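Take a look at the structure below.
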Amino acid sequence: MIKLNDLRIGNLVRLESIDKEGLVISIDTKNVLFAHTKGKIDSIKLEDIRGIYTTVKLLKDFGFQNTSDKNRLHLVVNSNFIIHANRHGTTDWSITLEDTEGNEIGISIDISYIHTLQNAYYVLFNKEIDIK
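Next comes the structure, spelled out in structure tokens:
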């Protein structure tokens, strides 16, 4: 189960009971409005919402690209910053940040679930990460 304070509107999550992925479109203390395929909207109890494990495919859907290291992808955010997604096992991922001159900024954030990547990106850059 995802904690209420881990969710943001726009997060990509999974509804366990019907095994569907979708976007959070509204949140209150007990329920989440959940939009999934074909535009259907359901009111879901918070305890039925699960995170979606971060995968290479999902990272690429968000614009990350391969590097020479098979366990690392990168995303050029703007003219100043690059995010590196680093794989630490099957489902364990983290992001690190560096400037475009290759200097590490000293930030490392666990992104084992895709909604944590979305939240971290928003906190770091004050904008949503786009699905390409």
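When you read off a place in the sequence shown, starting at 1, and then add 9, the result is the number in the working numbering. The beta-carbon is built from N, C-alpha and C at its ideal position, and this holds for glycine as well. Note that this is a predicted model, so its numbers are computed, not measured.
What three-state label does DSSP hand residue i in the structure shown?
{"i": "G111", "result": "coil"}
{"i": "F134", "result": "helix"}
{"i": "T1", "result": "Outside the shown range of the chain (10 to 141) lies residue 1, about which nothing can therefore be said."}
{"i": "I104", "result": "strand"}
{"i": "G31", "result": "strand"}
May I have the straight-line CA-CA distance separating residue i from residue j, to the nearest angstrom?
{"i": "D139", "j": "A129", "result": "13 Å"}
{"i": "F71", "j": "E107", "result": "18 Å"}
{"i": "G48", "j": "H93", "result": "33 Å"}
{"i": "M10", "j": "V85", "result": "32 Å"}
{"i": "F73", "j": "L82", "result": "6 Å"}
{"i": "R59", "j": "S77", "result": "32 Å"}
{"i": "I18", "j": "D51", "result": "14 Å"}
{"i": "I118", "j": "F90", "result": "15 Å"}
{"i": "K69", "j": "L42", "result": "26 Å"}
{"i": "G31", "j": "I61", "result": "10 Å"}
{"i": "F134", "j": "N87", "result": "10 Å"}
For the alpha helix (DSSP H) holding residue i, just list the boundary residues, first then last.
{"i": "V65", "result": "V65 to D70"}
What is the residue span of the beta strand (DSSP E) that residue i lies within?
{"i": "F90", "result": "F90 to R96"}
{"i": "R17", "result": "No beta strand (DSSP E) contains R17, which DSSP labels as neither H nor E."}
Using DSSP's beta-bridge definition, name the partner residues of residue i.
{"i": "N40", "result": "K54"}
{"i": "V86", "result": "For V86, which the question treats as bridged, DSSP gives no partner whatsoever."}
{"i": "L24", "result": "K29 and I58"}
Among the options, whose alpha-carbon lies nearest the alpha-carbon of residue i?
{"i": "I116", "options": "I53, I123, Q127 and S103", "result": "S103"}
{"i": "N14", "options": "E56, K141 and E113", "result": "E56"}
{"i": "R96", "options": "L21, K54 and K66", "result": "K66"}
Hey, is residue i close to the ligand PLP, as in C-beta under 7 Å from one of its heavy atoms?
{"i": "Y130", "result": "Only the bare structure without any ligand can be found here, which leaves the ligand PLP out of the picture."}
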